[in-house]
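Numbering follows full-length UniProt numbering, in which position 348 of the sequence shown is assigned residue number 348; successive positions increment by one, without gaps. Every residue gets a Cβ at the ideal spot worked out from N, C-alpha and C, and that includes glycine. Predicted model, so just to flag it, every value in this text is computed and none were measured. Down below is the structure, laid out as structure tokens.
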Amino acid sequence: MTDIPAGGDVRLVGISKTYGNSFTAVHPLDLTVPQGTFFALLGASGCGKTTTLRMIAGLEDPTTGAVLLGDRDVTRVPPHKRPVNTVFQSYALFPHLTIHENVAFGLRRRGIRSVRKQVAEMLDLVQLGDLAGRRPHQLSGGQQQRVAVARALINHPQVLLLDEPLGALDLKLRRRMQLELKRIQTEVGITFIHVTHDQEEALTMADTVAVMNGGRVEQLGAPAELYETPRTPFVARFLGTSNLIGATAVSTAGGEIAATAGDTTLRLPADRCARLPRAGERLLVGVRPEKITLVRAEDADTVPAGRNRLSGTVAAAGFLGVSTQYLVESPVCPPGERLEVYAQNIERDTRLVPGAPVVLHWNPVHTFGLDAEPGTGPESEPGTGPEAEPAADTGAGATAGAGERA
Ligand SMILES: Nc1ncnc2c1ncn2[C@@H]1O[C@H](COP(=O)(O)OP(=O)(O)O)[C@@H](O)[C@H]1O
Ligand SMILES: [Mg+2]
């Protein structure tokens, strides 16, 4: 089936999909998946992940744009002639065939008779060598999943597409399979494009993650880069938890931005800002919950100088074993919103109970800046709105990472 010479990146050039004549599931998208990498398309249900994958597989005709494998345009190549195989969430194994025959299927279809050695190698790769004689219903969900992977890989595709392949598995098994899939990808060295709505899954396995929202890629990057420096409020909230504090920029000097929130001044590195705000402009100051330290207000003088700090009142504390999660009410939050803090369980301060006045503090370098969303934040009184809106508009263009290479 591999009519196309091996090698090369997967490139999507201006690819889009409109269903009927009005609903656009995928907006024109430029994306390069470097050969041999593990790439994840991450986003909520309905954001266009499966549609994108199906266009790569050739199961869906793009409305505009092209799919390239290496230098070759395969947009008009039918699915079975593309060096691409797909693993679906449902596995789609043949129930009446043994595991051996399920895996041999692709070879037999190509008229290959002696399949024993190749099938045995594939089953070893997915660690199912002992179960070759069983039928799918005699296997666990995770084992069936691995059969589906072996059945796709035996065709030696250049690219393996995986559409929510672990969705049917329970949490513990999913975690095991994440490591297993990563091992297999490293071992065979081909390109994996993995679609999931599960952020942990994407962050654990992928070299590069593209976060999709409403048919567009909002940001693309290595997992740690996306987590540490989200470029849009959507990405900041979709990947883990972010505290986003509405603030007003006052100055930029020495690579550092100062912004006021309530009666506090927060500082953040200019290069961790999605876009440099002008003085007087609104922005969102972001910090992850695990970067924050919480102390009782009466111990505020123990906080080292140079830290960003906010005051507040503990609203809730939840003991999670390895850590404690605190929700803190603060004057800088809009009504109903709370700051979130995770404190590692080393020496727990048992006085940090609901109602306790506290100070939150963190290293300014752990702060990131995002364009303000129109009409948010406690200080979005009349007069600040018109400034906030253009900021959010220009941000969308400046932060689209879809065309970047990993
Ligand atoms: N064949 C189709 N006809 C019309 N709309 C579709 C079709 N397939 C998908 N859609 C719509 O396109 C959007 C994206 O779908 P999909 O790519 O399956 O999302 P995801 O895989 O991210 O959950 C959804 O709103 C979905 O309802
Ligand atoms: Mg889908």
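Inter-residue spacing [alpha-carbon to alpha-carbon] between R267 and A258: Translated into the one-based positions of the sequence shown, residue 267 becomes position 267. Translated into the one-based positions of the sequence shown, residue 258 becomes position 258. C-alpha of R267 to C-alpha of A258: approximately 5 Å in a straight line.
Length at least 4, wholly inside the segment 119–158: the alpha helix (DSSP H) runs in chain order: Scanning the segment 119–158 from its first residue to its last, the whole alpha helix (DSSP H) runs of 4-plus residues come out as 141–153.
Whole-angstrom distance between R183 and R216, CA atom to CA atom: Counting from one through the sequence shown, the residue named residue 216 turns up at place 216. Counting from one through the sequence shown, the residue named residue 183 turns up at place 183. Roughly 30 Å between the two C-alpha positions.
Segment limits, beta strand (DSSP E) that includes F368: Sequence index remark: in the sequence shown, residue 368 carries index 368 (1-based). If you look at F368, you'll find it in the beta strand (DSSP E) that goes F368 to D371.
With 16 other Cβ atoms within 10 Å as the buried cut-off, status of T186: Within the sequence shown, numbered from 1, the residue matching residue 186 stands at position 186. Exposed: under 16 other Cβ atoms inside 10 Å.
Proximity below 8 Å, CB of residue 413 to CB of L294: Residue 413 is absent from the model: the chain starts at 1 and stops at 406.
Sub-8 Å separation of A372 and G286 beta-carbons: Walking along the sequence shown from the start, residue 372 turns up at place 372. Walking along the sequence shown from the start, residue 286 turns up at place 286. Contact flag unset, no.
Supposed contact pair A222 and S251 - C-beta distance, whole angstroms, cut 8 Å: Residue 251 sits at position 251 when you count from the first residue of the sequence shown. Residue 222 sits at position 222 when you count from the first residue of the sequence shown. About 31 Å separates the two Cβ atoms, so there is no contact after all.
Counterpart residues of G167 in DSSP-defined beta bridges: Numbered from 1 along the sequence shown, position 167 holds the residue referred to as residue 167. DSSP lists no beta-bridge partner residue for G167.
G48 beta carbon near ligand 1 (any heavy atom closer than 7 Å): The residue given as residue 48 occupies position 48 in the sequence shown. At a cut-off of 7 Å, the beta-carbon of G48 counts as near ligand 1: some heavy atom of the ligand is closer than that.
Per DSSP, the bridge partner or partners of F192: In the sequence shown, the residue the question calls residue 192 occupies position 192. DSSP, once it has assigned bridges, lists F38 and L160 as partnering F192.
Cβ-heavy atom distance, E164 to ligand 2, below 7 Å: Within the sequence shown, the letter at position 164 stands for residue 164. Yes, ligand 2 has a heavy atom inside 7 Å of this Cβ.
Closest Cα partner of K81 within the set G58, V147, V314 and T63: Indexing the sequence shown from 1 puts residue 81 at position 81. From the listed residues G58, V147, V314 and T63, the smallest Cα separation to K81 is found for G58.
Cutoff 7 Å; reference G8; Cβ partners in own chain excluding five residues on either side: Within the sequence shown, residue 8 is the residue found at index 8, counting from 1. Q35, L69, G70 and D71.
Exposure label - A104; buried when at least 16 CB within 10 Å: What you label residue 104 is simply residue 104 of the sequence shown in a count that begins at 1. It counts as buried.
Secondary structure of H100, DSSP reduced to three states: For the purposes of this step, residue 100 is identified with residue 100 of the sequence shown, where counting begins at 1. In the three-state reduction of the DSSP assignment, H100 falls in the helix class, which pools H, G and I.
Close beta carbons around A132, own chain, < 7 Å, minus the five adjacent residues each side: In the sequence shown, residue 132 corresponds to position 132, counting from 1. Cβ-Cβ distances below 7 Å link A132 to T98, I99, H100 and L123 in the same chain, with the five nearest sequence neighbours on each side left out; the list follows chain order.
Residues near A66 in its chain [Cβ-Cβ closer than 6 Å; skip 5 each side]: The residue given as residue 66 occupies position 66 in the sequence shown. Taken in chain order, the residues that qualify are V13, D73 and T75.
Sub-8 Å separation of M177 and K49 beta-carbons: Position 177 of the sequence shown, counted from the start, is the residue given in the question as residue 177. Position 49 of the sequence shown, counted from the start, is the residue given in the question as residue 49. No, the pair does not count as a contact, with Cβ atoms beyond the cut-off.
Bridge partners - T350, DSSP secondary structure assignment: Counting from one through the sequence shown, the residue named residue 350 turns up at place 350. BP columns for T350 are empty, so no partner.
Cβ pair F39, D198 closer than 8 Å: Within the sequence shown, the letter at position 39 stands for residue 39. Within the sequence shown, the letter at position 198 stands for residue 198. 8 Å or more divides the Cβ of F39 from the Cβ of D198.
Same chain, Cβ closer than 7 Å to Y19, neighbours up to 5 away in sequence not counted: To locate residue 19, count along the sequence shown from 1; it is residue 19. The answer, listed in chain order, is A25.
Boundaries (first-last residue) of the alpha helix (DSSP H) holding E218: Numbered from its first residue, the sequence shown carries residue 218 at position 218. No alpha helix (DSSP H) contains E218, which is instead part of the beta strand (DSSP E) from R216 to G221.
N- and C-terminal bounds of the alpha helix (DSSP H) containing R237: Residue numbering aside, residue 237 sits at position 237 when the sequence shown is read from its first letter. Segment P233 to F238, the alpha helix (DSSP H) holding R237.
Beta-carbon proximity list for R54, same chain, < 8 Å, skipping 5 on both sides: Position 54 of the sequence shown, counted from the first residue, corresponds to residue 54. Same-chain partners within the cutoff: E60.
Cβ pair T232, T37 closer than 8 Å: The sequence position of residue 232 within the sequence shown is 232, counting from 1. The sequence position of residue 37 within the sequence shown is 37, counting from 1. Not closer than 8 Å, so no.
Proximity of V359 and S311 at Cβ, strictly below 8 Å: Within the sequence shown, the letter at position 359 stands for residue 359. Within the sequence shown, the letter at position 311 stands for residue 311. Their beta carbons are under 8 Å apart, which means V359 touches S311 by this criterion.
Cross-strand partners of M177 (DSSP beta bridge): Counting from 1 along the sequence shown, the entry for residue 177 is found at position 177. The partner list for M177 (beta bridge, DSSP) is empty, contrary to what the question assumes.
Identity of the residues DSSP links to C273 by a beta bridge: Looking up residue 273 in the sequence shown gives position 273. Answer is G369, bridged to C273.
Beta-carbon proximity list for P386, same chain, < 6 Å, skipping 5 on both sides: In the sequence shown, residue 386 corresponds to position 386, counting from 1. Residue placement at P386 cannot be trusted, given a pLDDT of 37 that sits under 50; the coordinates are not used to answer.
Distance, E281 Cα to T260 Cα: For the purposes of this step, residue 260 is taken as residue 260 along the sequence shown, with counting starting at 1. For the purposes of this step, residue 281 is taken as residue 281 along the sequence shown, with counting starting at 1. The alpha-carbon atoms of T260 and E281 are separated by roughly 11 Å.
As assigned by DSSP and simplified to three states, the class of P364: Here residue 364 refers to the residue found at position 364 of the sequence shown. Note: P364 maps to helix in three-state DSSP.
Rounded straight-line distance, which links the Cα of V332 to that of T313: For the purposes of this step, residue 313 is taken as residue 313 along the sequence shown, with counting starting at 1. For the purposes of this step, residue 332 is taken as residue 332 along the sequence shown, with counting starting at 1. Linking T313 to V332 through their CA atoms gives a straight-line distance of about 12 Å.
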